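Okay, structure first, notes after.
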Amino acid sequence: MSTLRGLYAITDSQLLAGGKLLPYVEAALDGGATLLQYRDKSSDDARRLREAQALKTLCERYGASLLINDDAELAARLGVGVHLGQGDGSLSVARALLGRNAIIGGTCLAQVELAEQAARDGASYVAFGRFFNSQTKPGAPAATLELVQQARARVQLPVCAIGGITLDNAAPLVTGGVSLLAVIHALFSADTAQEVNRRARAFSALFHA
Ligand SMILES: Cc1ncc(COP(=O)(O)OP(=O)(O)O)c(N)n1
Ligand SMILES: Cc1nc(C(=O)O)sc1CCOP(=O)(O)O
Ligand SMILES: [Mg+2]
1 MSTLRGLYAI TDSQLLAGGK LLPYVEAALD GGATLLQYRD KSSDDARRLR EAQALKTLCE
61 RYGASLLIND DAELAARLGV GVHLGQGDGS LSVARALLGR NAIIGGTCLA QVELAEQAAR
121 DGASYVAFGR FFNSQTKPGA PAATLELVQQ ARARVQLPVC AIGGITLDNA APLVTGGVSL
181 LAVIHALFSA DTAQEVNRRA RAFSALFHA
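Under the UniProt record's numbering, the first residue of the sequence shown carries the number 1, and numbering increases by one thereafter.
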């Protein structure tokens with residue numbers, strides 16, 4: 001069982017198409033990622049189940065934890081965690097479904113009040129974004145380090161940062177109190193699995209500096 005601190009790798013269906021899903025994820029886990037989120041927006045339920053099962057096996061091998069994006073039912077079926085956005089269903093219902101030990105994350109946009117509500121609803125961590133311009137999910141960055149400080153003062157849960165995080169901009173987030181760096185493009189846009197591994201090691205090293 002991993003801790004809620006470190007690199008939080010999130011899969012991307014486009015970046016990891018063409019047979020890259022498992023080798024690139026394994027490279028990220030070998031590089032120290034502590035959490036992995038399976039984020040696939042398709043409605044191909046059979047493939048989603050198959051891929052999520054394979055990712056669960058990989059995570060177990062590396063001592064990391066798997067979360068499913070958006071889909072508490074799939075998470076329950078596999079016995080893993082879930083990440084829910086504001087429109088993805090209730091955190092408290094997910095907590096009741098998945099049990100007290102499941103890792104459940106909640107998107108809190110850039111609002112401390114949403115983090116306070118997520119904590120009351122049983123979240124395991126609160127996620128703020130976007131911190132920087134994101135190629136994966138374009139839109140104005142709204143989250144700041146000041147927001148992280150406010151959240152840490154008011155919510156007793158690990159803070160996750162997401163949105164445009166790269167090896168060049170991540171360090172101040174960690175020194176500013178962020179526990180989890182959620183990354184897609186700056187991790188998985190690599191040309192080789194070895195490069196994913198190098199990037200994952202570099203992100204993970206920020207937590208041991
Ligand atoms: C760790 C983490 N934080 C935020 C999000 C975004 O969730 P959401 O707003 O539901 O958007 P989608 O990812 O579902 O497009 C996330 N997935 N993970
Ligand atoms: C899925 C997602 N949610 C965001 C939010 O702000 O809530 S930003 C984002 C995309 C993160 O990918 P990248 O590391 O490539 O920017
Ligand atoms: Mg969502």
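Think of the CB as a built atom: it goes at the ideal place given N, C-alpha and C, for glycine as much as any other residue. These numbers come from a predicted model, not from an experiment.
DSSP on residue i, reduced to helix/strand/coil?
i           : result
His-208     : coil
Phe-203     : helix
residue 239 : Given that the chain is displayed from residue 1 to residue 209, the structure contains no residue 239 and the question cannot be resolved.
Gln-156     : coil
Gln-37      : strand
Gly-19      : coil
Please determine, among the options, the residue with the shortest C-alpha to C-alpha distance to residue i.
i       : options                           : result
Pro-23  : Ala-182, Asp-191, Asp-40, Asn-169 : Asp-191
Tyr-8   : Ala-161, Val-93, Asp-121          : Ala-161
Pro-141 : Val-155, Pro-172, Gly-129         : Gly-129
Ser-42  : Ala-209, Ser-13, Val-155, Ala-28  : Ser-13
Asp-168 : Ala-27, Asp-70, Phe-131           : Phe-131
Would you say residue i and residue j are within 8 Å of each other, going by their C-beta atoms?
i       : j       : result
Gln-86  : Leu-67  : no
Val-196 : Leu-206 : no
Gly-105 : Ser-124 : yes
Ser-179 : Arg-5   : yes
Leu-58  : Leu-74  : no
Val-80  : Ala-94  : no
Could you tell me which residues DSSP puts in a beta bridge with residue i?
i       : result
Gly-6   : Leu-180
Ala-171 : DSSP, once it has assigned bridges, lists no residue as partnering Ala-171.
Ser-65  : Leu-35
For the region 72-122, which segments carrying the beta strand (DSSP E) assignment without a break, of at least 3 residues, lie completely within its bounds, in sequence order?
-> Those beta strand (DSSP E) runs which fall completely within the region 72-122 and span 3+ residues are 81-84, 104-107.
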